[in-house]
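Add 87 to a position in the sequence shown, counting from 1, and you land on the number used in the working numbering.
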Amino acid sequence: MNTVNKDMLVTGGDEMINIRIAEYRKKYKMTQVELAQQLGISFQSISKWETGVAYPDIVMLTKLSDFFNVSLDEFVGRMKKNSGDAGKDNPTFWGKKLDYLQETRKDLWNDDYFEFLVMKVWNFVEPIDIVDYGCGYGYLGLKLLPLLPEGSTYTGIDSSLELIEEARNIFNNSSFETNFIKCDIYEFEPESVYDVAICQAIIRHSNYPEKILEKMVGSTKTGGKVICIEIDRLTEEIGYFNSMMDYEPFVHLRVYEKLWKNETKNMGRDYSVGIKIPSMLNKLGLVNIEARVNDKVLISNEKNGINSLMETREWNKKELESSVSKVKIRLVENDVDSDDVDAYISWYKENVKTLENITHTDMVTFFRGLIISYGDKT
Ligand SMILES: C[S@@+](CC[C@H](N)C(=O)[O-])C[C@H]1O[C@@H](n2cnc3c(N)ncnc32)[C@H](O)[C@@H]1O
Numbered sequence: 088m089n090t091v092n093k094d095m096l097v098t099g100g101d102e103m104i105n106i107r108i109a110e111y112r113k114k115y116k117m118t119q120v121e122l123a124q125q126l127g128i129s130f131q132s133i134s135k136w137e138t139g140v141a142y143p144d145i146v147m148l149t150k151l152s153d154f155f156n157v158s159l160d161e162f163v164g165r166m167k168k169n170s171g172d173a174g175k176d177n178p179t180f181w182g183k184k185l186d187y188l189q190e191t192r193k194d195l196w197n198d199d200y201f202e203f204l205v206m207k208v209w210n211f212v213e214p215i216d217i218v219d220y221g222c223g224y225g226y227l228g229l230k231l232l233p234l235l236p237e238g239s240t241y242t243g244i245d246s247s248l249e250l251i252e253e254a255r256n257i258f259n260n261s262s263f264e265t266n267f268i269k270c271d272i273y274e275f276e277p278e279s280v281y282d283v284a285i286c287q288a289i290i291r292h293s294n295y296p297e298k299i300l301e302k303m304v305g306s307t308k309t310g311g312k313v314i315c316i317e318i319d320r321l322t323e324e325i326g327y328f329n330s331m332m333d334y335e336p337f338v339h340l341r342v343y344e345k346l347w348k349n350e351t352k353n354m355g356r357d358y359s360v361g362i363k364i365p366s367m368l369n370k371l372g373l374v375n376i377e378a379r380v381n382d383k384v385l386i387s388n389e390k391n392g393i394n395s396l397m398e399t400r401e402w403n404k405k406e407l408e409s410s411v412s413k414v415k416i417r418l419v420e421n422d423v424d425s426d427d428v429d430a431y432i433s434w435y436k437e438n439v440k441t442l443e444n445i446t447h448t449d450m451v452t453f454f455r456g457l458i459i460s461y462g463d464k465t
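This is how it looks when you write it as structure tokens:
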């Protein structure tokens, strides 16, 4: 059994606070008694804070964050809730997103390319044990297990109970050996090590990208592989063309520059993490690091791929006016210049309307440029 230790999650106003005492204590391999001795308090206090029975006061919070040598913001996992994408590092967000995940995964990979990676590039010819960080409803398991030698196992970890239950249902009647664990990645302490630690579309949403990679490396056997499939938002943004409109990506880049830089500064969520992962794996001591790119280019027309494209880009055609207002608030909150806000909003509306009325003579090209980075643990 994997043990899950819940740090406190406190919400108030527009902030979410996740006091990370247990996480840091374990990182430094300390018991509650040892930490209590260092701080001159009783171990019962630590126990109460870690289980959410009581909260440390501000003086003690400062002492704790100093002790673990992290900023107070980081120690309490402070993140703004009100700027659009911030909630994506939040356990409840994805639980409501099963439809979104299923729709967007339909057109994410060319099956032949995925098979090429598994069979030719990674060359998984012996049975292996895989752990998938932020597995969602088990999409990667569905793609991997049919390609792997018999006897391979797939363990999925996700903080969303809804998605974990869906994954369990999906695999319930299959012959594959699977295990789904509802757990926060930052707190996951595997009892065994795996041949492969993999993740897809999770690090971009994380406020602590390095921590996820550390966990992945920590749960991989010597000689095993760490594989991250991750977006680079700049590449994704440039890779979009709609034949019903002028090709004008620059206005979005100016707008997104503000949003993304704010997100990274305020939360740690990194818009360009996809392109940085090889270097991050290198810093973590992996060897034989390589990177590839998912070769899927979605060509959408009236019959094909439009829904998955619109879901992926979060272009809401059903409630256009209310989604426009939300986008606008988000841009203004993030100090985007008003001319750029106007230009972006008119582009957004026209774009969604054209896609809604797409005919057989129109076409959209969408290249997401998902980067697949991998390396071996020594
Ligand atoms: C964009 S989805 C990707 C899901 C899956 N990898 C896929 O490609 O279909 C991100 C997933 O990460 C999970 N997640 C986000 N933060 C997490 C955390 N701190 N611990 C565990 N899971 C987390 C979410 O619940 C969600 O299922």
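From the three backbone atoms N, C-alpha and C, an ideal C-beta is built for every residue, glycine too.
- Annotation for residue 287 indicates a beta carbon within 6 angstroms of some heavy atom of ligand 1.
- Counting along the chain, no beta strand (DSSP E) covers residue 391, and no H or E run does either.
- For residue 283, the uninterrupted beta strand (DSSP E) run begins and ends at 281 to 287, by DSSP.
- For the set 179, 150, 234 and 224, the Cα lying nearest the Cα of residue 201 is the one of 234.
- Residue range 119 to 126 is occupied by the alpha helix (DSSP H) that includes residue 123.
- Here the stretch 213 to 227 lies against the stretch 281 to 289, with 3 or more beta-carbon pairs under 8 angstroms apart.
- Rounded to whole angstroms, the Cβ separation of residue 125 and residue 154 is 7 angstroms, and the two are in contact under 8 angstroms.
- Across the set 291, 163 and 228, the C-alpha of 228 shows the shortest separation from the C-alpha of residue 267.
- Ranking 462, 313 and 438 by CA distance to the CA of residue 328 puts 438 first.
- Secondary structure of residue 308 (DSSP, three-state): strand.
- The beta carbons of residue 309 and residue 464 sit closer together than 7 angstroms.
- Beta-bridge annotation (DSSP): residue 329 is paired with 451.
- Assignment of beta-bridge partners to residue 396 by DSSP yields no partner.
- With a cutoff of 6 angstroms, residue 246 counts as near ligand 1, since its C-beta is closer than that to a heavy atom of the ligand.
- When distances are taken from the beta-carbon of residue 200 to the heavy atoms of ligand 1, even the shortest one reaches 6 angstroms or more.
- The stretch 398 to 415 and the stretch 429 to 443 touch, with three or more beta-carbon pairs separated by less than 8 angstroms.
- Per DSSP, the beta-bridge partners of residue 460 are 315 and 378.
- Exposed is the label assigned to residue 236, since fewer than 16 other Cβ atoms lie within 10 Å of its Cβ.
- Look at residue 438 here: in three-state DSSP terms it is helix.
- Looking from the CA of residue 448, the closest CA among 275, 238 and 386 belongs to 386.
- Around residue 191, the same chain offers 395, 398 and 399 as residues with beta carbons nearer than 6 angstroms, after the five sequence neighbours per side are excluded.
- Straight-line measurement puts the Cα of residue 288 at about 20 angstroms from the Cα of residue 209.
- DSSP assignment within the stretch 211 to 253 yields the following whole alpha helix (DSSP H) runs of 4 residues or more, N-terminal first: 226 to 231.
- Cα atoms of residue 359 and residue 255: separation of roughly 32 angstroms, rounded to the nearest angstrom.
- Cβ contact annotation for residue 320 (same chain, cutoff 6 angstroms, sequence separation greater than five): 358, in chain order.
- For residue 405, the secondary structure class from DSSP, reduced to helix, strand or coil, is coil.
- Closer than 6 angstroms to some heavy atom of ligand 1: that does not describe the Cβ of residue 327.
- For residue 380 and residue 459, the gap between their C-alpha atoms comes out near 6 angstroms.
- Closest in C-alpha terms to residue 372, from the list 313, 391, 412 and 414, comes 313.
- The beta-bridge partner set that DSSP reports for residue 386 consists of 452.
- Spanning the alpha carbons of residue 157 and residue 354 requires a straight line of approximately 15 angstroms.
- About 5 angstroms separates the beta carbon of residue 263 from that of residue 232, a gap short enough to meet the 8 angstroms contact definition.
- Residue environment: residue 456 is assigned as buried (16 or more neighbouring CB atoms within 10 Å of its CB, all protein chains considered).
- Per DSSP, residue 110 is not a residue of any beta strand (DSSP E); the alpha helix (DSSP H) it occupies stretches across 108 to 114.
- For residue 223, the CB falls within less than 6 angstroms of some heavy atom of ligand 1.
- Taking the C-beta atoms as reference points, residue 349 is found no nearer than 7 angstroms to residue 403.
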